[in-house]
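Undergrad: Numbering (the working numbering), first residue to last: 1 to 335. One structure, pasted below without further comment.
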């Protein structure tokens, strides 16, 4: 754990091997609790999920402030709330708006960033409609996406043809950002469209007064995730998935030197500022516990923000992987 806010500082404190189990009295001593979702509340065994949901409901019954923060951009906040309620989270008599204020998704943070930066015509790579709907809810309607609003592949990306990227750009030449959501149908054509949007913008406008690069924005920086477990060759193994950050890297590394993309999820500074800001969530991070399953996103996020952290071993990071982690990282508590 650390009270420092810098990413580098958060990665240079107490070693992993000092982690210990958090006791009940300390666990219930915080003012605010920030829970990751995938690997903590769902996407895990029924028994573990039941335990996590029961824990959240207990905290709510104690009058604690509970928030849910996910790097998933596939759904809207409202859809994630439905998923939480379906798992058994009891929100009591809270209004829909009050419940929405407890849920932060990468789809929402990305849409909010576009709105704040006055980016109204993004090219959006995604295979689910949640990101598009969050954009529409914030008044961003003139986007060009790889799917339509019903989730079907957009016509320009139906053909597995590299020239389809050229046709897509010529059909919608005026975009002001490249947004990379999670795309189950990511293709070389979609990547080429993003790359050429950026390069052609540079070729046409660099050197002119007021020139700015097209921003490359990723909904999250996850390199991978875990979809659950399966038995293979007599052994129980985690089912791994490619992460949103890995998809953004494909685009960024298509340039020399690589393009730096802006992260909208954990552990980004943008999300830390959003949580801390009195104008938005006004979280007192010194009295907050971050509960997550992924060392590189959840725990780094909590440390960088100045929260205490609790790593649950039900999702991405296992105890074995934790022990093998070469770099020191502030994991004080395991569960």
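Ideal Cβ positions, reconstructed from N, Cα and C, are used throughout, including at glycine. Everything numeric in this text was worked out from a predicted model, so none of it was measured.
Classify residue 235 as helix, strand or coil using the three-state DSSP reduction.
TA: Of the three classes helix, strand and coil, the one that applies to residue 235 here is strand, per DSSP.
Undergrad: By how many angstroms is the C-alpha of residue 24 removed from the C-alpha of residue 107?
TA: Each residue's Cα considered, the two are about 34 Å apart.
Undergrad: Can you check whether the CB of residue 317 is closer than 8 Å to the CB of residue 295?
TA: Their beta carbons are under 8 Å apart, which means residue 295 touches residue 317 by this criterion.
Undergrad: With DSSP as the reference, identify every bridge partner of residue 122, one or two as the case may be.
TA: In the DSSP output, where bridge partners are listed per residue, residue 122 has 177.
Undergrad: DSSP state of residue 128, grouped into three classes?
TA: In this structure, residue 128 counts as coil in the three-state DSSP scheme.
Undergrad: Going by alpha carbons, who is nearest to residue 271 out of 112, 46 and 291?
TA: Residue 112 is the option with its Cα nearest to residue 271.
Undergrad: With three or more beta-carbon pairs closer than 8 Å as the criterion, would you say the stretch 146–161 touches the stretch 173–187?
TA: Yes, since at least three Cβ pairs between the stretch 146–161 and the stretch 173–187 fall closer than 8 Å, the two stretches touch.
Undergrad: Using 10 angstroms around the beta-carbon of residue 268, count the other beta-carbons present and answer buried if the total reaches 16, otherwise exposed.
TA: Its Cβ being crowded by 16 or more others within 10 Å, residue 268 is buried.
Undergrad: For residue 253, is the beta carbon positioned less than 7 Å from some heavy atom of the ligand NAP?
TA: What this structure holds is no ligand at all, so the ligand NAP is not there to describe.
Undergrad: Between the alpha carbons of residue 210 and residue 175, how many angstroms are there, rounded?
TA: About 16 Å.
Undergrad: Within 10 Å of its beta-carbon, does residue 34 have 16 or more other beta-carbons around it, so buried, or fewer, so exposed?
TA: Buried is the call here.
Undergrad: With three or more C-beta pairs closer than 8 Å as the rule, is the stretch 49–60 touching the stretch 86–101?
TA: Counting Cβ pairs under 8 Å, three or more are found: they touch.
Undergrad: Would you mind working out which of 264, 290 and 181 sits nearest residue 130, comparing C-alpha positions?
TA: Ranking 264, 290 and 181 by Cα distance to residue 130 puts 181 first.
Undergrad: Near residue 134, what residues of its chain come up, given a Cβ to Cβ distance below 6 Å and the 5 sequence neighbours on each side ignored?
TA: For residue 134, where only same-chain residues beyond five positions count, the Cβ hits under 6 Å are 76, 107, 108 and 111.
Undergrad: With 8 Å as the threshold, decide whether the Cβ of residue 180 is near any Cβ in chain D.
TA: The displayed structure is made up of one protein chain only, and chain D is not part of it.
Undergrad: Going by alpha carbons, who is nearest to residue 139 out of 66, 312 and 116?
TA: Of 66, 312 and 116, the residue nearest in Cα terms is 116.
Undergrad: Where does residue 333 land, buried or exposed, given buried means 16+ other C-beta within 10 angstroms?
TA: In this predicted model, residue 333 has a pLDDT of only 48, less than 50, meaning its place in the structure is not dependable; the value taken from the coordinates is given anyway. Buried is the call here.
Undergrad: Does DSSP classify residue 105 as helix, strand or coil?
TA: Here residue 105 sits in strand by DSSP.
Undergrad: By alpha-carbon positions, which one of 48, 125 and 190 ends up nearest to residue 73?
TA: The option with the nearest alpha carbon to residue 73 is 125.
Undergrad: Name the DSSP beta bridge partners of residue 50, please?
TA: Per DSSP, none; premise fails for residue 50.
Undergrad: With a threshold of 8 Å, are at least 3 pairs of Cβ atoms found where one atom belongs to the stretch 205–223 and the other to the stretch 272–291?
TA: Result no; under three Cβ-Cβ pairs closer than 8 Å.
Undergrad: Identify which residue in 79, 252 and 36 has its Cα closest to the Cα of residue 301.
TA: For residue 301, the nearest C-alpha among the options comes from 36.
Undergrad: If contacts are defined as beta-carbon pairs under 8 Å, then residue 149 and residue 132 qualify, I think. What distance do you get, rounded to the angstrom?
TA: Rounded, the Cβ-Cβ distance is 6 Å, consistent with contact.
Undergrad: Tell me the DSSP secondary structure of residue 263 in three-state form.
TA: Strand at residue 263.
Undergrad: Could you check what DSSP says for residue 28 in three-state terms: helix, strand or coil?
TA: It is coil, neither helix nor strand.
Undergrad: Do residue 266 and residue 297 have their C-beta atoms closer together than 8 Å?
TA: For residue 266 and residue 297, yes; Cβs fall inside 8 Å.
Undergrad: Our contact map puts residue 223 next to residue 190 with C-beta atoms below 8 Å; I'd like the distance itself, whole angstroms only.
TA: In fact, because the Cβ distance is near 19 Å, the residues do not count as touching under 8 Å.
Undergrad: Have a look at residue 41 and residue 68 and give me their C-alpha separation to the nearest angstrom.
TA: So the alpha carbons of these two residues sit roughly 10 Å apart.
Undergrad: Pick from 199, 102 and 94: whose alpha carbon is nearest that of residue 252?
TA: Among 199, 102 and 94, the Cα nearest to that of residue 252 belongs to 199.
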